[in-house]
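Please read the structure below before turning to the comments.
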Amino acid sequence: MISISSGDDDGDDLTCDAKITNISTGSTKRKHISNEFNKKRKKPRIMEVTVTDQSDVNCFNPLDQTAVHPDSYKVAASIISLLQLNLTDVGSVKMRAAATQFMISEDRDKRLEQFCSKTVGLDTLRDIIVALTRPLDFDERQDCFTPLFHSTVMKISDLRKGMQVKGRVENVTTFGAFCDIGVEENAYIPRHAYPRNCPTSNLKITNDTSAGIGVSDGGNIHHKMFTLRLGDRIKAIVSSVDIKNKRIALDKVSVMT
Numbered sequence: 013m014i015s016i017s018s019g020d021d022d023g024d025d026l027t028c029d030a031k032i033t034n035i036s037t038g039s040t041k042r043k044h045i046s047n048e049f050n051k052k053r054k055k056p057r058i059m060e061v062t063v064t065d066q067s068d069v070n071c072f073n074p075l076d077q078t079a080v081h082p083d084s085y086k087v088a089a090s091i092i093s094l095l096q097l098n099l100t101d102v103g104s105v106k107m108r109a110a111a112t113q114f115m116i117s118e119d120r121d122k123r124l125e126q127f128c129s130k131t132v133g134l135d136t137l138r139d140i141i142v143a144l145t146r147p148l149d150f151d152e153r154q155d156c157f158t159p160l161f162h163s164t165v166m167k168i169s170d171l172r173k174g175m176q177v178k179g180r181v182e183n184v185t186t187f188g189a190f191c192d193i194g195v196e197e198n199a200y201i202p203r204h205a206y207p208r209n210c211p212t213s214n215l216k217i218t219n220d221t222s223a224g225i226g227v228s229d230g231g232n233i234h235h236k237m238f239t240l241r242l243g244d245r246i247k248a249i250v251s252s253v254d255i256k257n258k259r260i261a262l263d264k265v266s267v268m269t
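Quick note on my numbering: the sequence shown kicks off at 13 and runs consecutively.
See below:
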C-alpha cells in the first residue's frame, strides 16, 4: 500500500513524502519523491500598456466626423496648425471661418505646396480644406449652404443669354476653365472673363503677364486677374448659348465666398 502525504497544506512545497508499506512484511519506510502536481502555480503576468498614438481606437478624433480620409489625418493636422488652430477646433465656427478664408486666398496653393508628397497632391489638400469649412457630421449629400444651381435650369435649352448662373469649376486649362452649372454640358469660362479685383494703383506694377498685371502703352494700370481653381464655386452671366453644338460660354465671373 502506498500513501502520499504533503508536508505543507498550502501546496507551496515542490516535493512531498511518500509512505510506502510493504504488504508482505508489514514494514514501512518513507521515501522522498518529487511531486510534479504540487509545483507552485505561476502568477498571471500583468502587462502595462501605454497608449501614446492618437490613432488608437479608444482615442476620439474630431476628424472622424469629417470627410477627411484617415490616411490624411497627419497632413490635415499640419494644415490645422498652419491655420493656427487645434484639432479640438474642428467643426467649430472659428475653424470653418479660417478654412473658408484660406480656401479663397490668392496664395492658397502656394502655401499648400509644402504639404505635397508622392501620395498627397494639391487636389487632396484642397479637399481637406473644404472638409474643414464644414460642421461635424456634415452630410455630403445635403448642401447646407446656398443652392449651387439655378433651380429652374435643368437642361441647356433652359439657358438664356444674360441669365445669372452658379456653378463649380471642374477643369482648368491654359486657355480657360470649365464649370458645372447643373445642365448636361459644362460651361466654358475664357481667361479674359476670370474674376478681377480693384485697380492695383498702390502696388509696384511690372509687365508680368503671368500674374495678370500689366501696364498699357498709356501707362494705365490694369486690374489684377485671379486664377480659378478646381472646386471654386462661382457665379457668372451666360454670354452665349449654342444649343446645336452644345456650347455654353460665361462672362462676368465672380468667386462665391
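Using N, Cα and C, we set each Cβ at its ideal position, and we do this for glycine too.
Just so you know, these numbers come straight off a predicted model, no measurement behind them.
CB contact flag (residue i, residue j, <7 angstroms)
i	j	result
L240	V177	no
E342	K256	An answer regarding residue 342 cannot be provided, because it is not within the stretch 13 to 269 covered by the chain.
V253	L124	no
A199	V265	no
P207	V142	no
Residue i versus residue j: straight-line alpha-carbon distance, rounded
i	j	result
Q148	A88	Rather than Gln, the amino acid found at residue 148 in this sequence is Leu. Their backbone Cα atoms lie some 15 angstroms apart in a straight line.
P82	R138	16 angstroms
L134	Q77	22 angstroms
I144	D244	It should be pointed out that residue 144 corresponds to Leu in this sequence rather than to Ile. Approximately 15 angstroms, taken between the alpha carbons.
Y85	A248	35 angstroms
P74	L95	16 angstroms
A110	S90	14 angstroms
K167	V250	14 angstroms
G103	I92	12 angstroms
R146	G174	32 angstroms
S129	E118	22 angstroms
M107	L262	33 angstroms
I193	V105	29 angstroms
D101	T112	14 angstroms
L97	F190	34 angstroms
D169	T186	The sequence as given places Ser at residue 169; Asp does not occur at that position. For S169 and T186, the distance between alpha carbons rounds to 28 angstroms.
I260	I116	25 angstroms
I246	F72	36 angstroms
T131	L99	22 angstroms
L242	V195	18 angstroms
K122	T136	14 angstroms
Element boundaries [alpha helix (DSSP H), containing residue i]
i	result
L92	In the sequence as presented, Leu is not what sits at residue 92; that position holds Ile. Y85 to L94 is the extent of the alpha helix (DSSP H) around I92.
D135	L134 to L144
F114	V105 to M115
D121	R120 to L124
Nearest-angstrom Cβ-Cβ length linking residue i and residue j, presumed shorter than 8 angstroms
i	j	result
G188	P202	5 angstroms
I140	V80	6 angstroms
R120	F114	6 angstroms
Residue i: first and last residue of the uninterrupted beta strand (DSSP E) it sits in
i	result
K247	R245 to D254
K178	Q176 to V184
V267	R259 to V267
I201	A199 to P202
F190	G188 to D192
Residue i Cβ short of 6 angstroms to the ligand SAM heavy atom set
i	result
V177	Among the ligands in the structure shown, none appear at all, so the ligand SAM cannot be discussed.
Closer than 7 angstroms to chain C by CB, residue i
i	result
K122	Here chain C cannot be found, since the structure has a single protein chain.
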